[in-house]
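Numbering (this note's numbering), first residue to last: 12 to 355. The beta-carbon is built from N, C-alpha and C at its ideal position, and this holds for glycine as well. As the structure is a prediction and not an experimental result, all values here were calculated from the model. One structure is given here, and the rest of the page talks about it.
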């Protein structure tokens, strides 16, 4: 595989710092820090991958971001920087997202498919194991990334030591219906006529208007904010390397969103049904769920969890947490990852 990983040096532009790296990182017996970012040829296009950790011997965690389109690499240091002493954190900007979008903008008529994205993810995971000389990685997905993560875990379990899902999306139909019903009930209970009008206008799924999910999401965020601990403001400031690409990131979010929902309810997410895909995992499974999540409601997650068979499984409920990252959620994720590292 042709690799175009670029090692980034503080103060240098991406083009100035780019260099080809070998397929394997020679981790010394005493360990060494790794801070690398750049492109790897995945699925026929260059895709952005970053490695950050204080010790190359530590367990690798492959982060599968949500959206699709909402790359986490521009915020990874602020969100997960403290975890680098315990793990090798690997961020991947998926096809159509973040720096991958910057390098290779989709052509007219290009489409995201779950099958293509799953294969991309497996190629990334295999690259990480070879690069770090680790037989398996911890697979860590949230929201849309939890759908992709489950598909990856079931498709090639030998690559993964565990699956950790946050804000687990289970079924486009079940999650959509539960989200609509719970948000409608919340608006009625609050006597919130403005929110109630929006939710009633959206109506229950299935939705054929691409604006429907976005309109409902604005209302769910309103109610989640009122019931949850807020995220830290500094989390969502673009790191200096990424700041020049802010406009492109917005374009990537828009493009990927339409790919996900489709113009007529025919997008990539519409066929998502994880129970139908299969519920037997060959690795430990941890689902971490915010109690106030109105996008992937706890009722749907719990039913899915009860159907899962795995060598070990846990459902961790996080109070005062909704669908998006906040301090209690990150603390719960860190505890799970530390537990997995201790069993290594």
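Own chain residues within Cβ distance below 6 Å of residue i, not counting five before or after
i	result
residue 183	280, 281, 283
residue 316	298, 326
residue 162	129
residue 45	62, 64, 67
residue 181	285, 311, 315
residue 334	178, 304, 306
residue 56	115
Those residues which DSSP pairs with residue i across a bridge
i	result
residue 177	153, 299
residue 63	46, 100
residue 57	52
residue 73	101, 150
residue 245	Residue 245 is not bridged to any residue.
residue 325	297
residue 284	182
residue 320	291
residue 171	148
Whole-angstrom distance between residue j and residue i, CA atom to CA atom
i	j	result
residue 221	residue 275	7 Å
residue 354	residue 82	29 Å
residue 213	residue 226	7 Å
residue 99	residue 203	46 Å
residue 77	residue 159	9 Å
residue 79	residue 271	7 Å
residue 69	residue 97	6 Å
residue 313	residue 194	19 Å
residue 53	residue 61	14 Å
residue 266	residue 223	16 Å
residue 348	residue 209	39 Å
residue 261	residue 237	26 Å
residue 321	residue 126	24 Å
residue 243	residue 255	22 Å
residue 205	residue 196	14 Å
residue 252	residue 188	40 Å
residue 342	residue 232	21 Å
residue 51	residue 324	33 Å
residue 309	residue 37	43 Å
residue 16	residue 95	The predicted model places residue 16 with a pLDDT of 39, which falls under 50 and marks its position as unreliable; any figure quoted below should be read in that light. Distance between the alpha carbons of residue 16 and residue 95 is about 20 Å.
residue 211	residue 84	36 Å
residue 131	residue 199	43 Å
residue 168	residue 294	7 Å
residue 48	residue 156	20 Å
residue 149	residue 229	32 Å
residue 91	residue 110	19 Å
residue 215	residue 207	13 Å
residue 246	residue 40	34 Å
Nearest-angstrom beta carbon gap, residue j and residue i [assumed within contact, 8 Å]
i	j	result
residue 102	residue 74	5 Å
residue 42	residue 63	About 14 Å; that fails the 8 Å criterion.
residue 133	residue 106	Incorrect: roughly 13 Å between the Cβ atoms, too far for contact.
residue 351	residue 136	Contact flag wrong, Cβ pair sits at about 16 Å.
residue 337	residue 240	5 Å
residue 147	residue 170	6 Å
residue 234	residue 288	Their Cβ separation, rounded to whole angstroms, is 30 Å, which puts residue 234 and residue 288 out of contact at 8 Å.
residue 104	residue 58	6 Å
residue 118	residue 263	About 14 Å; that fails the 8 Å criterion.
Same chain, Cβ closer than 8 Å to residue i, five either side skipped, listed in chain order
i	result
residue 340	177, 299, 301, 329, 332
residue 248	86, 89
residue 344	151, 175, 177, 299
residue 257	249
residue 269	221, 278
Same chain only: Cβ atoms within 7 Å of residue i, ignoring 5 sequence neighbours per side
i	result
residue 319	290, 292, 296
residue 185	311
residue 151	72, 73, 74, 75, 175
residue 218	224, 276
residue 201	none
residue 259	112, 113
Proximity test, Cβ basis, 8 Å: residue i and chain B
i	result
residue 53	This model lacks chain B altogether, as it is built from one protein chain only.
Across the stretch 107-126 and the stretch 137-154, are there enough close Cβ pairs to call them in contact, namely three or more that are closer than 8 Å?
no
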